[in-house]
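Remarks on the structure that follows.
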Amino acid sequence: MDNRPIGIFDSGVGGLTVANAINKLLPNETICYVGDTARVPYGNKSKMSILKFSKQITNWLIKQNCKVIIIACNTASSLALDTLKLKVSVPILGVIDPGVKWAVSITKKNRIGVLGTRATINSNVYHKKIKEENEKIHVFEKACPLFVPLVEEGFIDGEIPSLISNYYLKELKMAHIDTLILGCTHYPLLKQTISDSLYPSIKLVDSSLATSKELKSLLEKETLISNNEKGKINCYVTDYTETFENVVNRFFKYNINSIKRLDVF
Ligand code: DGL
95 MDNRPIGIFD SGVGGLTVAN AINKLLPNET ICYVGDTARV PYGNKSKMSI LKFSKQITNW
155 LIKQNCKVII IACNTASSLA LDTLKLKVSV PILGVIDPGV KWAVSITKKN RIGVLGTRAT
215 INSNVYHKKI KEENEKIHVF EKACPLFVPL VEEGFIDGEI PSLISNYYLK ELKMAHIDTL
275 ILGCTHYPLL KQTISDSLYP SIKLVDSSLA TSKELKSLLE KETLISNNEK GKINCYVTDY
335 TETFENVVNR FFKYNINSIK RLDVF
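Numbering-wise, the sequence shown is residues 95 to 359 according to the working numbering.
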């Protein structure tokens, strides 16, 4: 048994989709969540900056005595996970491998679409990992840089998100994919809008569930499971804004124990 918290981070609210899934599957675990709202979005930043931010947050989470770190951000998982794995003393998981494995296991037509930030798509990591699983699969990728600001603003449905989503997805709609990876942890909040821009038969892969399952296996294997009576999510943000609070209250209210400003980076 190990009652230390699980450290999770993202550039903003997106990683709360992962924290939420973990909280549902592992309700006894305490989560220490960092949303780097002062520096969101990560998706249009350089690798150097993303690596620097990810290292700072990981080090802070380790100082909080976290027993495992989850990079609940595809952009940071693409560009910083491999480096961080070599540097930290606790297990560290990203969100890309779980989503890739799930998508590869459900595609029937061997045609998978991937949506992500510019940095994630340019890193080519999804293409590489899907091909490693099955080289026959055709991969169709699209960077959707306006999706993150929409979600951070709480704009998840209605005319404007629909127009943007239709614009981004028009080529993928013609690509005969049967599976679409939401390769950014903000995008599950736009699931309905994204789905409406495509054919209803296309399966959307949200890596939060697959990541929480991978975490559960890891905790069980390493005997790191907690026996706290009830876990909670303590949330830290590098900039406390009303917009962040509104989005949290709208989508995640019941699971969040506290939101505090973190002024250390
Ligand atoms: N939610 C993140 C991701 O999964 C970060 C998006 C961003 O800050 O651009 O990529």
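Note that the Cβ used here is the ideal one computed from N, Cα and C, for glycine as well. Bear in mind the structure is a predicted one, so any value in this text is a computation, not a measurement.
Under a three-way DSSP split, which group does residue i fall into?
i: Ser352; result: strand
i: Glu235; result: strand
i: Arg205; result: strand
i: Tyr330; result: strand
i: Gly137; result: coil
i: Gln150; result: helix
i: Phe345; result: helix
i: Leu155; result: helix
i: Met95; result: coil
i: Pro121; result: coil
i: Asn114; result: helix
i: Gly193; result: helix
i: Asp176; result: helix
i: Thr317; result: coil
i: Glu308; result: helix
i: Lys230; result: coil
i: Lys181; result: helix
i: Ala170; result: helix
i: Asp290; result: helix
i: Ile250; result: coil
i: Val198; result: helix
i: Asn216; result: helix
Give the DSSP bridge partners of residue i, in chain order.
i: Leu187; result: Ile164
i: Ser297; result: Correcting the residue identity first, residue 297 is Lys in this sequence and not Ser. Thr273, per the DSSP bridge assignment.
i: Gly210; result: Ala237, Gly277
Determine the extent of the beta strand (DSSP E) in which residue i is found, giving its start and end residues.
i: Asp104; result: 100 to 104
i: Tyr127; result: 125 to 129
How far does the alpha helix (DSSP H) with residue i in it extend, from its first residue to its last?
i: Leu284; result: Careful: Leu284 lies outside any alpha helix (DSSP H) and carries neither H nor E.
i: Val107; result: Neither: Val107 is in no alpha helix (DSSP H) and is coded neither H nor E.
i: Val242; result: 241 to 246
i: Leu266; result: 253 to 267
i: Glu226; result: 219 to 227
i: Thr335; result: Thr335 -> no alpha helix (DSSP H), and no H or E assigned at all.
Report, in whole angstroms, the separation of the C-beta atoms of residue i and residue j, which I expect to be a contact under 8 Å.
i: Ile186; j: Leu173; result: At roughly 14 Å, the Cβ-Cβ gap does not stay under 8 Å, so Ile186 and Leu173 are not in contact.
i: Lys195; j: Glu227; result: 7 Å
i: Thr332; j: Cys278; result: So it is not a contact: roughly 19 Å between Cβ atoms.
i: Lys161; j: Leu356; result: The pair is not a contact, with the Cβ atoms about 20 Å apart (cut-off 8 Å).
i: Ile190; j: Lys223; result: 6 Å
i: Tyr127; j: Ile327; result: 6 Å
i: Thr131; j: Pro99; result: Not a contact, Cβ separation roughly 20 Å.
i: Gly137; j: Val219; result: At roughly 13 Å, the Cβ-Cβ gap does not stay under 8 Å, so Gly137 and Val219 are not in contact.
i: Asn322; j: Asn122; result: 5 Å
i: Tyr281; j: Leu209; result: 6 Å
i: Asp272; j: Lys202; result: 6 Å
i: Leu276; j: Val299; result: 6 Å
i: Gly207; j: Ala304; result: In fact, because the Cβ distance is near 17 Å, the residues do not count as touching under 8 Å.
i: Ala170; j: Ala113; result: Rounded, the Cβ-Cβ distance is 15 Å, inconsistent with contact.
i: Gly252; j: Asn117; result: That pair is no contact at about 28 Å.
i: Thr211; j: Asn168; result: 7 Å
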